[in-house]
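Report on the structure given below.
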Amino acid sequence: MRQLTLLASLTVFAWLPVPPAQAAAGPFAPAAGQPGSTAIGKDDSAFTGWATGYRDYVIGAGVDSGFQTPQLALGKAAGNSYDIVSLGEGGRITLTFAGALFNGPGADFAVFENAFNDNFLELARVDVSSDGLTFVRFPAYSFTPGPVGGFGSIDPTNIDGLAGKYRQGHGTPFDLGLLAGSPGLDVDHVRYVRIVDVVGDGSAFDDFPAAYGGPFPIYDPYPSTGSAGFDLDAVGAIHFAAATVPEPAAWVMLASGIACLGALGRRRSRRLAPSALV
Ligand SMILES: [Ca+2]
Ligand SMILES: [Ca+2]
Ligand SMILES: [Ca+2]
């Protein structure tokens, strides 16, 4: 895993043993369940919360009405083929939380897609924001050598930094630490996760440095219809601080407490008034 760790740190591209197009398998983590996989199962105790709201659902091409229900992306991952919202080719959606994600050790959240096996992988870019205005994109790498067609197969070891790397029920992890220092983003207070479908015909590119032959086209199954593009099941929070909103009863206590303080303050100022004249 030394290669993967170093690649993630963006410092080791010179270490790549062969040009990606000649590699039988890529350098990145393998499918869920295999040694070295970074997939996180939906029932993992690492999850402390789930996305509970959405905004800006923009439907891309090729989505039937039956797959246009964004509420199915909220709450815990279902891990099946149907509890999802389809983004369509080039579509997107932004998920929100009852609180904020923060940068703890390792992965901070994970994105779940509905792939029915380890190789029919529909991919998406992942952007995060603290204020809902400035979004910062996770770097992604794709070494898939060429177009894969509408029912195509992708080797997950050729994919990094893209949601949809793993089969249904298994989240693709994202580490906010990779984005530390990005202008306009507080990695310790991230309230928005935007998922943007990759149009997999080769028109979208990864972030592999030009100095080492990049960027490379990102290929995924294309064209497809019905539930085209990325199918979002859920976004699971790992490092998550729930918003502290007082319960209604607490509001009443708070209000009565403030009223008491006000009365005390008035009594005290009356008592102090004579001495203030001295
Ligand atoms: Ca982290
Ligand atoms: Ca799909
Ligand atoms: Ca779901």
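Numbering-wise (my numbering), the sequence shown opens with residue 358 and increments by one. For glycine and all other residues, C-beta sits at the position ideal for the given N, C-alpha and C. Please read these numbers as outputs of a predicted model, since none were measured by experiment.
With DSSP run on the structure shown, which of helix, strand or coil describes Leu-533?
helix
Reduced DSSP category for Gln-379 - H, G, I as helix; E, B as strand; rest coil
Residue confidence is low: Gln-379 scores 44 on pLDDT, short of 50, so the model does not pin down where it sits. No coordinate-derived value is stated.
Taking only three categories from DSSP, how would you classify Phe-454?
strand
Report whether the distance from the Cβ of Ser-641 to the nearest heavy atom of ligand 2 is below 7 Å.
Here the chain covers residues 358 to 635 and nothing more, so residue 641 does not appear.
Beta-carbon separation of Pro-496 and Asp-564 under 8 Å?
yes
Give the range of the beta strand (DSSP E) segment to which Val-547 is assigned.
547-554
Do Asp-413 and Ser-487 count as a contact pair if the criterion is CB distance below 8 Å?
no
Per DSSP, Asp-588 forms a beta bridge with which residues?
Ser-443
When DSSP labels each residue in this structure, what does Ala-388 get in the three-state scheme?
Coil.
Rounded straight-line distance, which links the Cα of Tyr-549 to that of Ala-520:
15 Å
For ligand 2, is there any heavy atom lying closer than 7 Å to the beta carbon of Asp-588?
yes
Given that a residue counts as buried once 16 or more other Cβ atoms are within 10 Å of its Cβ, and exposed if not, what is Phe-473?
exposed
If you measure between the beta carbons of Pro-540 and Pro-387, is that distance less than 8 Å?
no
Can you tell me whether Tyr-498 is helix, strand or coil according to DSSP?
strand
Which two residues bound the contiguous beta strand (DSSP E) that contains Ser-486?
481-486
Just to confirm, does Leu-452 get its C-beta within under 7 Å of one of the non-hydrogen atoms of ligand 3?
It does not: the Cβ of Leu-452 is nowhere closer than 7 Å to a heavy atom of ligand 3.
Burial state of Val-420, where buried means 16 or more other Cβ atoms lie within 10 Å:
buried
Under the three-state reduction of DSSP, which class applies to Leu-629: helix, strand or coil?
With a pLDDT of only 48 at Leu-629, under 50, the local geometry of the prediction cannot be trusted, and the value read off the model is given with reservation. Here Leu-629 sits in helix by DSSP.
Exposure label - Ala-396; buried when at least 16 CB within 10 Å
buried
For Asn-460, the nearest candidate out of Gly-509, Leu-536, Asp-400, Pro-392 (CA to CA):
Per the Cα distances, Leu-536.
Could you check whether the segment 415-432 touches the segment 573-593, counting it as contact only if at least three pairs of C-beta atoms, one from each stretch, sit closer than 8 Å?
Result yes; three or more Cβ-Cβ pairs closer than 8 Å.
Distance, Thr-529 Cα to Gly-436 Cα:
13 Å
Whole angstroms are fine: how far does the CA of Ala-561 sit from the CA of Leu-483?
Here residue 483 is Val; the residue named in the question, Leu, does not match the sequence. One C-alpha to the other measures close to 14 Å.
Output the boundary residues of the beta strand (DSSP E) element that contains Pro-558.
The sequence as given places Asp at residue 558; Pro does not occur at that position. That run of the beta strand (DSSP E) goes 558-562.
Kindly indicate which residue of Gly-410, His-596, Leu-458, Ser-499 has the alpha-carbon position closest to the one of Pro-572.
Ser-499
Taking all protein chains shown into account, decide if Gln-379 is buried (16 or more other Cβ within 10 angstroms of its Cβ) or exposed.
In this prediction, Gln-379 has a pLDDT of 44, which is less than 50 and means its spatial position is unreliable; what the coordinates show is noted afterwards. Taking a 10 Å sphere around the C-beta of Gln-379, we find fewer than 16 other C-beta atoms and assign the residue as exposed.
Between the Cα of Ser-584 and those of Val-485, Gly-456, Gly-448, Arg-494, spot the shortest distance and give me the residue it belongs to.
Gly-448
Can Gly-445 and Gly-417 be called in contact, C-beta distance under 8 Å?
Yes, Cβ-Cβ distance for Gly-445 and Gly-417 is below 8 Å.
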